[in-house]
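2 protein chains.
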Amino acid sequence: MAAKRSDARSKQSQRIDEPLQPEQGPHGEPPLSRERIVAIAVELLDAEGTGGLTMRRLADRLGSGVMSLYWHVDNKEDVFDLALDSVLEYREPPQAIASGDWREEVVQMLGDWRAGMLRHPWSASLLPRRALGPNILGRLELLGNALSRAGVADADLNVAIWSLWNYVMGATITRANFDVPDHERAAAQQRLEHLGERYPTIERSRLLLDDDWDGVFRRGLDFLLDGLVP
Amino acid sequence: MAAKRSDARSKQSQRIDEPLQPEQGPHGEPPLSRERIVAIAVELLDAEGTGGLTMRRLADRLGSGVMSLYWHVDNKEDVFDLALDSVLEYREPPQAIASGDWREEVVQMLGDWRAGMLRHPWSASLLPRRALGPNILGRLELLGNALSRAGVADADLNVAIWSLWNYVMGATITRANFDVPDHERAAAQQRLEHLGERYPTIERSRLLLDDDWDGVFRRGLDFLLDGLVP
DNA sequence: ACCTGAACACCGTTCAAGT
DNA sequence: ACCTGAACACCGTTCAAGT
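Sequences listed follow chains A and B, in order. Numbered per full-length UniProt numbering, the first sequence spans residues 1 to 230. Numbered per full-length UniProt numbering, the second sequence spans residues 1 to 230.
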């Protein structure tokens, strides 16, 4: 049980001194760098989705040749890994949350996690196939720590972390993918009414019609936490 | 909140009478059909993973021209949708499970669901982006029905179904993607020991080292059910 | 109703070469 | 140390045409 590909380093030697203000290149373009590539990749993914990220298009936006990217990055997979992890970076120091109430703490952490991914809907569908980057690992560490302080036994920690991770991942993916654009909503409603005969329970539960995603997420999380720490 | 693309029908008119034994074509190849295309697509996905499914390769294996596929199928997306749903078909009538114990019933249903997907590891990563086909909807209906009989109030049914769906989906995806092939295991162990300094809780929980996936799945599911139906 | 090949507009990546 | 263009071996899908 281990992270795949998480040690994929590029050929680039590890830089110690990172210039904060990269000087402009001769033609107004800042020089290529791992960071710049990832930033633009995220932009591209936000704008066009998973299918829109192309090494050629990426190079275009960066004002460089396609093959120049390969100096900084192993391959396209690598770009995906880096883009995903970058989305899960913490924007504010997580200590701000650390109140006394562990449960509220966990709920906040997972809510922030979900929100970060929903800001970049492609990230949810990508998560399953990607390695665990440092930001993801950092969030898992924080989660485990909070659970441990809440009194979850070491023997159960494993299960507790995975359960919550799985729940958040599943909920985020579901939310990101089943949200129908407004102009399709009418057609979708129609189709589902027709489904009622074959799937009466689904219809009764309003499973596909209710759109209080945040509420469903929060209530389900509460149920799970009830089970984990009675 | 509604299924995307779930009404995508091909240009083919709805067949009422499906011949059980399609006669051989003149060159030993049975004629092209939606069913045959999907079956071979699943074979291809099992053998080569998501990246291995190509319209050209698919046509090759079917002994037909590439463009012939497009008569039976809308496009590559459509093939993915159909392949995914076909994997979730019930092999035995689900009534066999219906004992009296609703909880055991739910656990069995979800275990079977997960097992079906793990037999085709590509299906887990695919699920997030696909529409709800009839087999998926059928399983959701069955699940909701069992929960309802177990005493979950109609007002909570929505949350209960989604929570379990999210949990199973997350757990299956995690399992399918973090299972390291044996020959990579040694290297992975090494890497993770090195990680212990920065992520002490993760190390202590053996989050990435324990490989009792089935146990973790079952125990987490129990916790969730405890919360859902105390 | 069903199948086809040629053509179009793309892909990711290797390689040998430039500065 | 960093960047490059040409070339290779692929893609999915449109189209006009065949039976």
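Virtual Cβ for every residue (Gly too), placed ideally from N, Cα, C.
For Y70/A, none of the residues of chain B pass the 8 Å Cβ criterion, the least Cβ distance being about 19 Å. The three-state secondary structure of T172/B, taken from DSSP, is helix.
Contacts between W162/A and chain B, judged by CB atoms closer than 8 Å, involve A171, T174, L207, V216 and G220 in chain order.
Remark: fewer than three beta-carbon pairs, one from each stretch, lie closer than 8 Å, so the stretch 146 to 165 of chain A and the stretch 120 to 131 of chain A are not flagged as touching. Neighbours of V38/A in chain B, taken as residues whose beta carbon is under 8 Å from its own, are absent, since the nearest beta carbon is some 21 Å off. Under the Cβ distance rule, Y199/A counts among the residues neighbouring chain B, one pair being separated by less than 9 Å.
Non-local C-beta neighbours of A153/B in its own chain, meaning closer than 7 Å and more than five positions away in sequence, are absent. In this structure, DSSP gives G63/B a state outside helix and strand, which the three-state scheme calls coil. Under the criterion of beta carbons closer than 8 Å, D211/A and N135/A do not qualify as touching, at roughly 30 Å. The Cβ atoms of G220/B and A160/A sit closer than 9 Å to each other. The continuous stretches of alpha helix (DSSP H) do not include L209/B, and DSSP gives it neither H nor E. For Y70/A, the uninterrupted alpha helix (DSSP H) run begins and ends at L69 to H72, by DSSP. Within the stretch 81 to 123 of chain A, the runs of alpha helix (DSSP H) that reach at least 4 residues and sit entirely inside it are, in chain order, 102 to 118. Taking a beta-carbon distance threshold of 9 Å, V159/B counts as an interface residue toward chain A.
Any Cβ of chain A closer than 9 Å to the Cβ of L228/B would place that residue at the interface, and such an atom is present.
Residues of the stretch 130 to 144 of chain A with a Cβ closer than 7 Å to any Cβ of chain B, in chain order: L137, L140, E141 and G144. Counted as a single uninterrupted DSSP element, the stretch harbouring L53/B is not any alpha helix (DSSP H), since DSSP gives it neither H nor E. Taking a Cβ-Cβ cut-off of 8 Å, L88/A has no neighbours in chain B, whose nearest Cβ is about 15 Å from it. Taking C-beta separations shorter than 7 Å and ignoring five residues to either side along the sequence, the partners of S64/B in its chain run L32, following chain order. Separation of D74/B and L137/B (C-alpha to C-alpha, rounded to the nearest whole angstrom) is 21 Å.
Of all residues in the stretch 106 to 129 of chain A, the ones placed with a Cβ closer than 7 Å to any Cβ belonging to chain B are A124, S125, P128 and R129, in chain order. L225/A has a beta carbon lying within less than 9 Å of a beta carbon in chain B. The beta carbon of L84/A sits no closer than 9 Å to any beta carbon of chain B. The Cβ of D156/A sits closer than 9 Å to at least one Cβ of chain B. Within 10 angstroms of the beta-carbon of E141/A lie 16 or more other beta-carbons, which makes it buried. Within a 10 Å sphere around the beta-carbon of A115/A sit fewer than 16 other beta-carbons, which makes this residue exposed. Of the residues E197/B, V38/B, F80/B and L207/B, the one whose Cα lies closest to the Cα of F178/B is L207/B. CA-to-CA, the gap between G144/B and T201/A works out to about 6 Å. CA-to-CA, the gap between G52/B and W71/B works out to about 22 Å. L44/B and H120/B do not touch by the CB rule: their CB atoms are close to 11 Å apart, not below 8 Å. For W102/B, the nearest beta carbon of chain A is not closer than 9 Å to its own beta carbon.
In terms of beta-carbon proximity, D60/A stays away from the interface with chain B, with every pair separated by 9 Å or more. By the neighbour-count definition (other C-beta atoms within 10 Å, threshold 16), A59/A is a buried residue.
If the five residues before and after V106/B are omitted, its C-beta is found closer than 8 Å to the C-beta atoms of L143, A146, L147, A150, L164 and L225, all from its own chain and listed in chain order.
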